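In terms of this note's numbering, the sequence shown opens at residue 15 and continues consecutively.
Backbone N, C-alpha and C fix where the C-beta goes; we use that ideal spot for every residue, glycine too.
Since this is a predicted model, take the numbers as computed values, not measurements.
Structure record follows, encoded as C-alpha cells.
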Amino acid sequence: MHTRQATSSADDTTAGNVRLLLTVCLTAALIPLSIASPAMSVPAIRADLGGSASALNWINNAYLLTYGSTTMVAGSLADIYGRKRVWLVGLLLFALATALIPWSPSVAWLDLLRLTQGLGAAAGFAGAVASLTQVFHGMARVRVFSLIGMTFGAGGAFGPLFGGVLVEVLNWHWVFWIPALLAVLAALMTKVYARETRDPAPRGLDWPGAVSFTLALALLTYAVILAPERSWLNPWVVGSIAAALTLWAIFVVVELRAADPMLDLRLFRNARFVGVQCLALAPAYSYVVLLFLLPARMIGVEGQGALDAGLRMIALSLPLLVVPMIASALARWFTVGLLCGVGLLIAAVGLYWLSRVIAFEHAGTVAPMLLIGIGVGLPWGLMDGMAVSVVPKEQAGMATGIFNAVRLVGDGLAYAVATAILAAFVRTALLSATQVPMPEDALTEISIRTATGDLQHAASLLIHAPDGLLRATYDDAFQKLLVFLSVLSALTAGVMFTLLSSQHAHHVEESRA
C-alpha cells in the first residue's frame with residue numbers, strides 16, 4: 015500500500031515537473047520570437063506609421079535594451095519577492111504591452127511599448143528560470159537547460175518565417191497579437207503549474223549597482239543610435255556617452271565596496287573568466303545582428319516579400335536546432351574551448367563568404383548562411399556550462415548572472431553599433447561619390463535610411479545623383495560591414511584558443527552537477 019502511494023506520488027511529481035518545464039519553454043520561446051519576428055515587420059510598420067529612421071531603429075533596439083539590462087535585476091527580485099510572482103507579473107506586463115503595440119498611433123508610442131515589452135520579458139524569463147532551478151538538479155538541470163537552449167534556437171530559426179507569414183497573409187499587427195495571446199496562455203499555465211518559492215534569507219537587491227548599471231547601458235545605447243543621426247560630436251551624443259562612462263565608474267566603485275554586490279568584479283581578474291565573457295559577446299556580432307540586417311536588406315533593398323525573406327532566413331538559424339547536440343557529443347573528445355574557437359572560425363568564414371555574394375536574391379546566400387549557423391551552433395550549447403566551469407562552485411550563480419548580462423547587453427549594443435557602422439560607410443561613400451554638395455541633414459537622413467534598408471525613401475532625398483549610385487553604395491557598405499564582423503569573429507576565435515583551449519568537457523560537467 016505504502017509502495018503504491020509512493021509510486022503515485024512520484025508519478026505526480028514527475029508529471030508536475032514536465033508541466034512546469036513546458037510552461038518555462040513557452041515563456042522562453044516568447045523571447046526570440048519577439049526579436050526575430052518584429053524585424054520582419056519593420057518595413058510594413060514604416061509604410062503604415064512612417065517615422066524617422068532613428069525612431070524605426072528603436073523598434074528593435076528598445077526591446078533588446080530593456081530585456082538585456084534588467085534581466086539580472088529581475089532575477090534578484092524573484093529571489094526576494096517570489097519567483098512565481100515575478101514570473102506572472104512579467105508575463106502579464108509582456109502580454110499587455112505586446113497587445114497594445116498594434117494600436118500605437120506613432121512609431122514613438124510603439125518604441126515606448128517595446129521598452130515595456132522588454133521589461134516584461136526580463137521579469138518573466140528570470141522568474142521562470144529561477145523557478146526551474148528549484149525543481150531540477152544535477153544532470154537533470156543540464157538536460158533541462160539544453161532543452162531551453164533548443165527552444166531559443168527554434169524561436170530564432172522560425173521567428174523570421176513566423177513574422178513573414180503573418181505580415182504577408184494578415185498584417186503586421188498579428189506579429190504582436192499572437193505572442194500576446196501566447197503570453198496570456200503561459201501566465202495561466204504558470205498560475206496553475208508553478209509553485210511559489212523565494213530565498214529564505216534574501217540578501218536584498220543592490221539598488222545602487224542595479225540603477226547605475228541599467229542607466230549606463232541605456233545612455234550608451236541611446237548615444238550609439240543617435241550618433242549617425244546627429245553626429246558623434248553632437249552635444250546630446252557626447253553628453254550621453256560622458257554620463258554613461260560616469261555611471262560605469264560609479265557602478266565599479268559601488269560593486270567593489272558592496273558587501274553583496276550585484277556583480278563581483280573580482281572575477282574579472284581570472285583570465286579564463288574574461289575569455290568566457292568574450293564568448294558571451296560573440297553570437298551578438300556573428301549571428302544576432304544578422305536577424306535584423308538581413309531581413310532589412312532582403313525586403314527593403316532586394317524587394318522580396320516578407321514571406322520569401324522569412325523562408326530564406328531559416329538557413330541561418332536552423333543549424334542551431336541540431337549543431338548544439340553534436341557539439342555536446344564532440345566535447346567528449348575535444349576541449350570545449352577548442353570547439354568554441356573552431357565554431358567562431360567557421361562563422362567568420364561564412365560571414366566573409368556572404369560578403370562576396372553580390373545578388374542576395376540568388377540561392378548563393380543559402381550556403382554561407384548555413385555555415386554561419388553551424389559555426390555559431392558549436393558554442394551555442396556549450397556556453398552556459400563554460401560560464402560556471404571557470405569559477406569556484408560557490409560562485410557559480412554569480413558567474414551565470416554576469417555571463418547572461420554580458421550576452422544580453424551584447425545583443426542590444428551589437429545591433430546599434432552595426433547599424434551605426436553601416437550608416438557611416440554609406441555616408442563616407444556618398445560624400446566622395448556625389449559632386450553636388452548636400453545639406454548635412456539630408457545626407458544624414460539618406461545614410462540612416464539606406465543603412466536600415468529604406469532605399470526607396472533614401473532615393474527620393476538624393477537629388478542629382480547617377481542612377482544606381484545608392485544601391486552600389488549600399489552594397490559596398492554592407493560588404494565592408496560583413497568583412498568587419500568576420501574579422502571580429504575570427505579575433506574572438508583567437509581569444510578562445512588562447513584563454514580557453516585547455517578547458518575540458520569533464521570540467522564543465524562537474525561544474526554543472
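Can you check whether the CB of residue j is closer than 7 Å to the CB of residue i?
i, j, result
"F227", "T112", "no"
"L261", "E269", "no"
"I386", "G364", "yes"
"P193", "S48", "yes"
"S300", "A361", "yes"
"V341", "G395", "For the sequence presented, residue 341 should be read as Ala rather than Val. Contact: yes."
"A200", "L40", "yes"
"E243", "S68", "yes"
"Y77", "G138", "no"
"L344", "L352", "no"
"G391", "V303", "no"
"I537", "L126", "Outside the displayed span of the chain (15 to 527) sits residue 537, for which this structure offers no information."
"A329", "M312", "no"
"A294", "F166", "no"
"G170", "P46", "yes"
"L484", "A472", "yes"
"A241", "V251", "yes"
"L107", "V100", "no"
"G389", "A298", "no"
"T433", "A465", "yes"
"L79", "V121", "no"
Closer than 6 Å by C-beta to residue i: which residues in its own chain qualify, once you throw out the five before and the five after it? Chain order, please.
i, result
"I535", "Absent from the model: residue 535. The displayed extent of the chain is 15 to 527, so no value can be given."
"F511", "G355"
"S254", "L233, Y236, A237"
"I136", "Ile is not the amino acid found at residue 136; the sequence shown has Ala there. Result list for A136: Y81, T84, T85, A88, in chain order."
"P249", "none"
"A142", "V38, T41, W101"
"G173", "P46, L47, A50, S51"
"V371", "G378, T379"
"G65", "V121"
Measure the beta-carbon distance from residue i to residue j and round it to whole angstroms, keeping in mind my assumption that it falls under 8 Å.
i, j, result
"G314", "G467", "3 Å"
"L334", "A50", "Actually they are not in contact, since the Cβ atoms of L334 and A50 sit about 12 Å apart, beyond 8 Å."
"E459", "A320", "So it is not a contact: roughly 25 Å between Cβ atoms."
"T506", "A296", "5 Å"
"I59", "W186", "6 Å"
"N31", "V149", "6 Å"
"L359", "A504", "6 Å"
Among the options, which residue has its Cα nearest to the Cα of residue i?
i, options, result
"R97", "A491, V38, S120", "V38"
"L184", "V350, L44, S55", "S55"
"V179", "A437, P119, R326", "R326"
"I162", "A140, A296, I416", "A140"
"A168", "L44, L281, G104", "L44"
"L175", "L514, P309, K205", "P309"
"S369", "F287, P275, P52, L499", "L499"
"L514", "L469, W117, F348", "F348"
"L196", "A109, F150, R271", "A109"
"A61", "Q470, D220, F172", "Q470"
"L307", "R463, M339, M397", "R463"
"M164", "V501, P393, P119", "P393"
"L422", "L496, C292, R346", "C292"
"Q318", "W188, P57, N71", "P57"
"V158", "S446, V501, L35", "L35"
"N71", "V350, L146, L124, V266", "L124"
Please return the same chain residues whose Cβ sits closer than 7 Å to the Cβ of residue i, not counting the five positions on each side in sequence.
i, result
"W367", "P382, L385"
"R33", "Y207"
"A491", "L436, F439, V440, A443"
"Q493", "S369"
"D209", "According to the sequence displayed, residue 209 carries Arg and not Asp. Within the same chain, R209 has close Cβ partners K98."
"M397", "L293, A294"
"L502", "Y299"
By Cβ distance below 8 Å, which residues in the same chain neighbour residue i in space, the five residues on each side in sequence not counted?
i, result
"G508", "G355"
"N75", "T235, I239, G426, Y429, A430"
"P275", "D220, G223, V268, E269"
Check: Can you give, in chain order, each stretch of the alpha helix (DSSP H) that sits fully within the stretch 312-396 and has at least 4 residues?
Finding: 320-331, 337-344, 350-370, 380-394
Margin query: I'd like the ranges of any alpha helix (DSSP H) spanning at least 4 consecutive residues and lying wholly in the stretch 241-311.
Written below: 249-271, 285-297, 303-309
Checklist line | In chain order, each beta strand (DSSP E) run of at least 3 residues that lies wholly inside the stretch 28-68 | finding: none
Check: In the stretch 65-114, which residue ranges form an unbroken alpha helix (DSSP H) of at least 4 residues, counting only runs that do not cross its ends?
Finding: 67-95, 97-114
Next item on the list: Could you pull out every unbroken alpha helix (DSSP H) segment of at least 4 residues lying fully inside the stretch 123-174, listed in chain order?
Entry: none
Next item on the list: Could I get the ranges of all uninterrupted alpha helix (DSSP H) runs contained in the stretch 454-510, with 4 residues as the minimum, in chain order?
Entry: 454-465, 469-475
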